[in-house]
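When you read off a place in the sequence shown, starting at 1, and then add 978, the result is the number in the working numbering. Backbone N, C-alpha and C fix where the C-beta goes; we use that ideal spot for every residue, glycine too. As structure tokens, the structure follows; a few thoughts come after it.
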Amino acid sequence: MGHFFGGYPATCSFSRTAVKARSGVRTPLAGVFTAIIIISALFFLTPAFFYIPDATLSAIIIHAVLGLVSEPSYVKQLWKIQFWDFAIFVTAVVGIFFSTIEIGIYASTTLTFVVIIFQLVFPRLDKLGIYKVTDLIKGSEKTHYTYVSLGHPSFKTAENPPDGILIFRFDKPLFHFNSSYMDDKIVEYAKEKTRKYYIAHKNKGDRPWNDSKDTDPFNDPENLKKPRLKAIIFDFSIVSVMDSTVTEMLIDLRKDLDRYSQHSVEFHFANVMNENVQNSLIVGGFGKFEQKDLAIEGSKKEEKTNETEVDVEKGNDVSNVEIEIIKTPKKFFHLSIEEALDWADS
């Protein structure tokens, strides 16, 4: 706005701030004394300042801003904490030294945006396991369980969840530009850990384009060793906003896994702290569950087992009895992963 009224652009001086810091300044009142000195120098002391050697002024500035230069220990710390922070720092320094300040700032800022976008588009998906923790409280041992990332070097004794149950945690919010990536990762892990029941059409003309003519899953020894997918638990503690694309991704994900396992897979959501996120999931149909087995295509059917179904409401044996209809849409929303696991494993 100053350009429309004849104003001058104003900016701060790093060297002046550094001089104040080295002089022991503690309050903004120092700005008043700085203004008095500058005005006096401009109007009264200019002839005297004329004889100050440039080398003296340079020495004062160098001594003042020397503390702003990063020490090698700080650069080493950046390398250990985060490689991308180190890369951005090096990019800025190299750009400024071998080009101009503007080029160094533009290059480091661009690299920062690229790193942020890459982390949002390709977030990490943690597969959680159960980790036993034993604490010594007042001379007695107290044991509790927490949920940590499987394969983490600090939690080598972490155990897998019960058979047929998978637990996932997101490390970034879910948006339309990373929903497809997360869908692929979840389906890939589910197919790796659980048993396949779906048989693709034998005739190419009857198969969808993305279905391959795999071997019969009921004659594959490796496939028969795996448990049937029963439920998936999502830790939504990091998800504070969710758009319609993510809801559609979850709906398609449930359809894919239902077809893969040839029955309805339960989706449980833990730590959903945002009411809008929960409402979006309910609108997407994740507040209800219908127990049904899908028609298995192919020449062979799954042999019936003597497994006993358990009523999740009362804990009674209900073999060959239709499961009671869920009355509340919040049956699959939980305050903790432990509570979700209790419901999913019941």
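For residue i, the residue or residues it bridges with in DSSP
i, result
"V1165", "For V1165, which the question treats as bridged, DSSP gives no partner whatsoever."
"T1112", "T1121"
"E1316", "The partner list for E1316 (beta bridge, DSSP) is empty, contrary to what the question assumes."
"V1126", "G1107"
"H1154", "Its beta-bridge partners do not exist; DSSP assigns none."
"E1137", "I1108"
"H1041", "Paired residue(s): none; H1041 is not in a bridge."
"F1311", "F1247"
Spatial neighbours of residue i in its chain, beta-carbon cut-off 7 Å, leaving aside the 5 residues before and after
i, result
"D1108", "The sequence shown places Ile at residue 1108, rather than the Asp named in the question. Closer than 7 Å at Cβ, skipping near neighbours: Y1123, Y1125, A1136, E1137 and P1139."
"D1141", "P1205"
"S1239", "T1172, Y1175, R1206 and L1207"
"A1008", "K998"
"D932", "Outside the shown range of the chain (979 to 1324) lies residue 932, about which nothing can therefore be said."
Sequence-distant residues of its chain with Cβ nearer than 8 Å to residue i (five each side left out)
i, result
"F1100", "N1156 and Y1159"
"F1067", "S1048, V1053, L1056 and S1086"
"F982", "none"
Span separating the alpha-carbon of residue i from that of residue j
i, j, result
"G1265", "Q1256", "9 Å"
"E1244", "L1089", "41 Å"
"V1290", "F1310", "The predicted model places V1290 with a pLDDT of 37, which falls under 50 and marks its position as unreliable, so this point remains unresolved."
"D1032", "I1095", "46 Å"
"W1062", "I1030", "45 Å"
"D1082", "F1076", "The question names Asp, but residue 1082 in the sequence shown is Gly. Rounded to whole angstroms, G1082 to F1076 spans 9 Å at the Cα level."
"I1315", "D1234", "24 Å"
"V1217", "V1072", "38 Å"
"A996", "P1050", "20 Å"
"W1321", "H1246", "9 Å"
"L1098", "G984", "44 Å"
"E1080", "T1012", "29 Å"
"T1005", "A1065", "36 Å"
"I1017", "L1023", "9 Å"
"T1034", "F1091", "41 Å"
"L1020", "I1039", "19 Å"
Minimum C-alpha distance to residue i - residue among the options
i, options, result
"V1261", "D1236, H1241, I1229 and R1237", "I1229"
"N1197", "D1213, Y1176, S1215 and M1251", "Y1176"
"A1248", "S1324, V997 and S1215", "S1215"
"D1221", "G1073, H1246 and L1259", "L1259"
"E1226", "S1239, M1251 and F1153", "F1153"
"N1252", "R1232, L1235 and L1313", "L1313"
"G1045", "Q1060, A999 and S991", "A999"
"I1211", "A1318, G1263 and R994", "A1318"
"S1132", "V1111, V1224, Y1167 and K1150", "V1111"
"S991", "D1162, D1213, V1043 and T1034", "V1043"
"H1241", "V1250, D1213, A1209 and V1224", "A1209"
Limits of the beta strand (DSSP E) - the one that residue i falls within
i, result
"H1246", "E1244 to A1248"
"D1213", "A1209 to D1213"
Residues of its chain near residue i, where Cβ-Cβ distance is below 6 Å and the 5 sequence neighbours each way are ignored
i, result
"G980", "none"
"K1120", "D1113"
"S1127", "D1104"
"I1145", "L1106, P1139 and I1211"
Range of the contiguous alpha helix (DSSP H) that encloses residue i
i, result
"L1144", "From DSSP, L1144 is part of no alpha helix (DSSP H) but of the beta strand (DSSP E) over I1143 to F1148."
"P1199", "P1199 to L1202"
"N1254", "E1253 to V1261"
"R1102", "Where R1102 is concerned, there is no enclosing alpha helix (DSSP H), given that its DSSP letter is neither H nor E."
"L962", "Because the chain in this structure spans residues 979 to 1324, residue 962 falls outside the shown range and cannot be described."
"F992", "F992 to R1000"
"F1067", "F1061 to F1076"
"T1024", "T1024 to F1027"
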